Amino acid sequence: MKKLIIANWKCNPVSVKKAEKDLNIIDKGVKKTKHEVVVCAPFIYLFSKVKNIKLGAQDCFWKETGPYTGEISALMLKNIDVKYVIIGHSERRALGETEEIIEKKLRGALKVGLIPILCIGEKKGE
Numbered sequence: 018m019k020k021l022i023i024a025n026w027k028c029n030p031v032s033v034k035k036a037e038k039d040l041n042i043i044d045k046g047v048k049k050t051k052h053e054v055v056v057c058a059p060f061i062y063l064f065s066k067v068k069n070i071k072l073g074a075q076d077c078f079w080k081e082t083g084p085y086t087g088e089i090s091a092l093m094l095k096n097i098d099v100k101y102v103i104i105g106h107s108e109r110r111a112l113g114e115t116e117e118i119i120e121k122k123l124r125g126a127l128k129v130g131l132i133p134i135l136c137i138g139e140k141k142g143e
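Read in order, the letters of the sequence shown correspond to residues 18 to 143 in the numbering used here.
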């Protein structure tokens with residue numbers, strides 16, 4: 018089984034030019050590894066063309082379509098050839114994302130064939 022290396026770009030970089038430059042550098046470097054490399058980038062950079070790395074989303078919405086302003090559905094991600102999606106990241110949980118919402122996102126991702134990267138863990142006080 019291949020080892021998986023995942024990078025989460027969070028809310029970076031701030032320009033398409035910089036994102037494409039960084040993705041190209043990573044893409045060229047990955048030729049030298051046997052591992053699968055996934056870059057989870059902000060949505061606007063998921064349209065970038067790369068050969069050797071997989072692109073992942075940082076979040077998804079469980080409904081496929083509807084009146085959900087600002088949401089990006091798992092189906093939308095699948096339709097632009099995204100393979101992976103982060104679900105349940107601690108930063109999303111800090112913004113109020115509940116276990117119920119995380120379960121819906123997980124089911125939505127699996128339904129359309131995305132590979133979920135499910136973040137689990139406990140708060141420091143637990």
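We treat Cβ as the ideally placed atom computed from N, Cα and C, and that holds for glycine.
None of these values were measured; they are calculated from a predicted model.
- Annotation for A36: the continuous alpha helix (DSSP H) segment containing it runs 33-47.
- Taking E108 as reference, the option from G130, K49, C28, E117 with the minimal CA-CA separation is C28.
- Within the DSSP secondary-structure output, C57 pairs in a beta bridge with N25, G73.
- In the DSSP assignment, the residues bridged to V102 are A74, P133.
- Counted as a single uninterrupted DSSP element, the alpha helix (DSSP H) harbouring E108 occupies residues 107-111.
- Within the DSSP secondary-structure output, S65 pairs in no beta bridge.
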